[in-house]
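Engineer: Residue numbers (the working numbering), protein chains in the order written: chain A, 48 to 297; chain B, 415 to 657. Beta carbons are placed, not taken as given, at the ideal position from N, Cα and C, and that holds for glycine. Being a predicted model, the structure only gives us computed values, none of them experimental. Quick one: this structure, given as structure tokens, is what I'll be asking you about.
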Amino acid sequence: MLLYFALINIKIRFKGTKLGVAWTAIEPTLTFVLLFVVFTTIRDQPKENFGVYLLTGVIIYHVFTRGTLGGLTSLRSNYSILESINIQKEFFPVVATLATCILLIVQLAIFFGLMPFFQFIPTWTIILLPIVIGLLMLLILGFSYILSIIHVYVRDIQPLWGITVHALFFITPIIWYVDDIKGNDLGNVLMSLHAVNPIGQIVELAHNIVVFNTIPPLSDWLYTVTFCFAIFLFGYYVFHKFDSKIVEVL
Amino acid sequence: MNQYAIKLENINKSFDIEKSKNKSEFARLFSNKTKLSVLDNISLKIKKGEFIGIIGRNGSGKTTLLRVMSGIYTPDSGRIHIDGVVAPLLHIGTGFHKELNAKENIIMSGLLLGMKKSEIEQKVSDVIRYAELEKYSQMPLKHYSTGMRARLAFSLVLQIDPDILLVDEILSVGDKKFRDKSFKAFLSFKKKNKTVVLVTHNLGNQFLKMVDRAVLMDNGKIVLIGNPDEVVRKYTEYQDNKN
Chain A
48 MLLYFALINI KIRFKGTKLG VAWTAIEPTL TFVLLFVVFT TIRDQPKENF
98 GVYLLTGVII YHVFTRGTLG GLTSLRSNYS ILESINIQKE FFPVVATLAT
148 CILLIVQLAI FFGLMPFFQF IPTWTIILLP IVIGLLMLLI LGFSYILSII
198 HVYVRDIQPL WGITVHALFF ITPIIWYVDD IKGNDLGNVL MSLHAVNPIG
248 QIVELAHNIV VFNTIPPLSD WLYTVTFCFA IFLFGYYVFH KFDSKIVEVL
Chain B
415 MNQYAIKLEN INKSFDIEKS KNKSEFARLF SNKTKLSVLD NISLKIKKGE
465 FIGIIGRNGS GKTTLLRVMS GIYTPDSGRI HIDGVVAPLL HIGTGFHKEL
515 NAKENIIMSG LLLGMKKSEI EQKVSDVIRY AELEKYSQMP LKHYSTGMRA
565 RLAFSLVLQI DPDILLVDEI LSVGDKKFRD KSFKAFLSFK KKNKTVVLVT
615 HNLGNQFLKM VDRAVLMDNG KIVLIGNPDE VVRKYTEYQD NKN
């Protein structure tokens, strides 16, 4: 049932577009190409494997952005169902997250498909990638719980979240390297923000296992796992605290 | 065996409303709300196989009561006992998505109402045929008329074959042929000992002729429960007095 609704969710999401679900691949690919061209032009000597580094960050950021925005609107966009049938309200943020998970398969195909273009061969550490993806999905679901319930009461959260994810792009190590910013004042500010940016932590883990072929220390894993679970549990709590009045408020 | 399909005990329900209507959206967020009582200490027992008609003026609490029975609204206080599979038909296009076609909507709503996917897939063509929408089955529902959507919703609910059917006025939007068809469907429901709760404010509703008991509501309270003719007469007097 969840799978059927996730597929329907994807169909509705791309309804009316000429290229349909292909946008899932086109959007992050074009973002990546644009950033790659800009940064390889302004940097004299880009770091080794910069292309794969950038692509890893862009795809994770894109999945997070689209996933949370889909989760945010999941209750309001299904109002006609909610006002007609008695159903567990959390069904809709869960379905939106599952749809994001399915679309991730398309994006992973792009990711691995572009690796030969950069003459990059991942090492065995990439087998840890499913754990990182699992944490990403948990994080998206946690945010979807929080954002969807806020969206029921305050619609302004939608443009506000749009601005927030733009800001997240700059404080997430997508176009910059964690090692490069340490030591100066601006870098220290960025590092402080990075420390409380869950998507930044996930991107850093992914960079380590995909691009740098290293296994991050256990403390890094524990920090990110705790962070993601805390957001998920907080979201679950907030959602169930306010879900009984959803239909009335909508 | 439990003889009641629905038991409501001391149900209260109120909605938060703004004290002042002239505030901006932002100011409303932090403004004090006041409670508007829509269901006031409602107690009602409906036996299995009973056909109940609920009548009353607009805003008397009929639809809210039906939504509480179906579990869509949570009551502020009181207890609800439901025994059996419930199918609500509360508004036109029950749970339908306007961008999807009839088949997709049938599967989606069927799943939400508790059917298995394989089971619904077998019934899709029956639902479309009963609703007489064969020619339009591939068309997104946004192009359907109100009557066509009501036909599809009713046809789907019949195929689900629930123990309890909750219907809110929606059948009045169909044409005569559809209303006659619905009337026959309700008769077959009655024969199968199913429970039906029908909400209407139309006294000329032919469905009222087959109800076992009628309930008159006013201002969120049950004013009278009993013989349909007696309740309808009381309702007419009630309306005349109010006017």
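What's the C-alpha gap between residue 601 of chain B and residue 73 of chain A?
Structural biologist: Going by the C-alpha atoms only, they are around 56 angstroms apart.
Engineer: Taking C-beta pairs closer than 7 angstroms, name the residues in chain A that residue 486 of chain B reaches, listed in chain order.
Structural biologist: Chain A residues near residue 486 of chain B: 130, 133 and 294.
Engineer: So is residue 583 of chain B in contact with chain A if we call contact Cβ pairs under 8 angstroms?
Structural biologist: It does not; no Cβ of chain A falls within 8 angstroms.
Engineer: For the putative contact between residue 256 of chain A and residue 179 of chain A, defined by C-beta atoms under 8 angstroms, what is the C-beta separation to the nearest angstrom?
Structural biologist: About 7 angstroms; that satisfies the 8 angstroms criterion.
Engineer: Within the 8 angstroms Cβ cut-off, does residue 196 of chain A reach chain B?
Structural biologist: No, residue 196 of chain A lies away from the interface with chain B (no Cβ there is under 8 angstroms from its Cβ).
Engineer: Keeping to the same chain, check which residues put their C-beta closer than 7 angstroms to that of residue 215 of chain A; ignore five residues upstream and five downstream.
Structural biologist: Cβ neighbours of residue 215 of chain A beyond the five flanking positions: 244 and 246.
Engineer: Looking only at C-alpha atoms, which of B:478, B:473, B:455 and B:420 sits nearest to residue 464 of chain B?
Structural biologist: The option with the nearest alpha carbon to residue 464 of chain B is B:420.
Engineer: Bridge partners of residue 271 of chain A, per DSSP?
Structural biologist: DSSP lists no partner for residue 271 of chain A.
Engineer: I'd like the span of the alpha helix (DSSP H) that includes residue 235 of chain A, first residue to last.
Structural biologist: Start and end: 232-242.
Engineer: Who are the Cβ neighbours of residue 512 of chain B in its own chain at under 6 angstroms, not counting the five residues just before and after it?
Structural biologist: 555 and 556.
Engineer: In chain A, which residues lie less than 8 angstroms from residue 521 of chain B when you measure between Cβ atoms?
Structural biologist: In chain order: 51.
Engineer: Would residue 144 of chain A be called buried (16 or more neighbouring beta carbons within 10 Å of its own) or exposed?
Structural biologist: Under this definition residue 144 of chain A is a buried residue.
Engineer: Can you give me the Cβ contacts of residue 272 of chain A inside the same chain, cut-off strictly under 8 angstroms, excluding the 5 residues immediately before and after it?
Structural biologist: Once the five neighbours on either side are set aside, the close Cβ partners of residue 272 of chain A are 182.
Engineer: What are the boundary residues of the alpha helix (DSSP H) that includes residue 189 of chain A?
Structural biologist: Element bounds for residue 189 of chain A: 176-200.
Engineer: Would you kindly check if the distance between the Cβ of residue 496 of chain B and the Cβ of residue 516 of chain B is under 8 angstroms?
Structural biologist: No, the pair does not count as a contact, with Cβ atoms beyond the cut-off.
Engineer: At 9 angstroms on the CB atoms, spell out the chain A contacts of residue 576 of chain B, in chain order.
Structural biologist: Those within 9 angstroms of residue 576 of chain B in chain A number zero; the least Cβ separation is about 12 angstroms.
Engineer: I need the boundaries of the alpha helix (DSSP H) containing residue 628 of chain B, first residue and last residue.
Structural biologist: Taken as a continuous stretch (DSSP letters only), residue 628 of chain B belongs to no alpha helix (DSSP H), being part of the beta strand (DSSP E) at 627-632.
Engineer: Specify, as a first and last residue, the run of the alpha helix (DSSP H) that residue 71 of chain A falls within.
Structural biologist: Taken as a continuous stretch (DSSP letters only), the alpha helix (DSSP H) holding residue 71 of chain A covers 70-89.
Engineer: According to DSSP, what are the bridge partners of residue 226 of chain A?
Structural biologist: Partner(s): none; residue 226 of chain A has no beta bridge.
Engineer: Does any C-beta atom of chain B lie closer than 8 angstroms to the C-beta of residue 204 of chain A?
Structural biologist: Residue 204 of chain A does not count as touching chain B.
Engineer: Residue 48 of chain A CB to nearest chain B CB: under 8 angstroms?
Structural biologist: Yes, residue 48 of chain A lies at the interface with chain B (some Cβ there is under 8 angstroms from its Cβ).
Engineer: Below 6 angstroms CB to CB, which residues in the same chain sit around residue 454 of chain B once its five sequence neighbours on both sides are set aside?
Structural biologist: The answer, listed in chain order, is 634 and 635.
Engineer: Does the Cβ of residue 199 of chain A have 16 or more other Cβ atoms within 10 Å, making it buried, or fewer, making it exposed?
Structural biologist: By the neighbour-count rule (16 or more Cβ atoms within 10 Å), residue 199 of chain A is buried.
Engineer: Whose C-beta lies closer than 8 angstroms to the C-beta of residue 176 of chain A among residues of the same chain, with five residues either side of it excluded?
Structural biologist: Counting only Cβ-Cβ distances below 8 angstroms, and skipping sequence neighbours, we find 253, 256 and 257.
Engineer: Looking at C-beta atoms only, is the number of pairs between the region 475-484 of chain B and the region 569-585 of chain B that lie closer than 8 angstroms three or more?
Structural biologist: Flag = yes, the region 475-484 of chain B and the region 569-585 of chain B touch.
Engineer: Quick check on this structure: which residue in B:475, B:609, B:536 and B:509 has the alpha carbon closest to the alpha carbon of residue 500 of chain B?
Structural biologist: Measuring from the Cα of residue 500 of chain B, the nearest candidate turns out to be B:609.
Engineer: Against residue 17 of chain A, what residues of chain B qualify as contacts under a CB-to-CB distance less than 8 angstroms, listed in chain order?
Structural biologist: With chain A covering only 48 through 297, there is no way to say anything about residue 17 of chain A.
Engineer: How would you list, in chain order, the residues of chain A whose beta-carbon sits under 8 angstroms from the beta-carbon of residue 644 of chain B?
Structural biologist: What residue 644 of chain B touches in chain A: nothing, since even the nearest Cβ is about 33 angstroms away.
Engineer: Which residue from A:147, A:140, A:129 and A:56 puts its Cα closest to that of residue 509 of chain B?
Structural biologist: Selected option, being the one with the closest Cα: A:129.
Engineer: Rounded to whole angstroms, what is the Cα-Cα separation between residue 625 of chain B and residue 195 of chain A?
Structural biologist: Rounded to the nearest angstrom, the two C-alpha atoms are 42 angstroms apart.
Engineer: Return the CA-CA distance between residue 639 of chain B and residue 132 of chain A, expressed in angstroms with no decimal places.
Structural biologist: In a straight line, the C-alpha of residue 639 of chain B is about 27 angstroms away from that of residue 132 of chain A.
Engineer: For chain B, find out if any of its Cβ atoms is closer than 8 angstroms to the Cβ of residue 127 of chain A; answer yes or no.
Structural biologist: For residue 127 of chain A, the answer is yes, since a Cβ of chain B falls inside 8 angstroms of its Cβ.
Engineer: Between the Cα of residue 205 of chain A and those of A:124, A:147 and A:277, spot the shortest distance and give me the residue it belongs to.
Structural biologist: Of the listed residues, the one whose Cα sits closest to residue 205 of chain A is A:124.
Engineer: By Cβ distance, which residues of its chain are closer than 7 angstroms to residue 423 of chain B, with the 5 residues on each side in sequence left out?
Structural biologist: Only 457, 492 and 493 meet the Cβ criterion.
Engineer: Among the candidates A:248, A:71, A:85 and A:284, whose CA atom is the shortest distance from the CA of residue 263 of chain A?
Structural biologist: The option with the nearest alpha carbon to residue 263 of chain A is A:248.
Engineer: On the premise that residue 172 of chain A lies in contact with residue 261 of chain A, defined as a C-beta separation below 8 angstroms, what is that separation, rounded to the nearest angstrom?
Structural biologist: Indeed they touch by this definition, with Cβ atoms about 7 angstroms apart.
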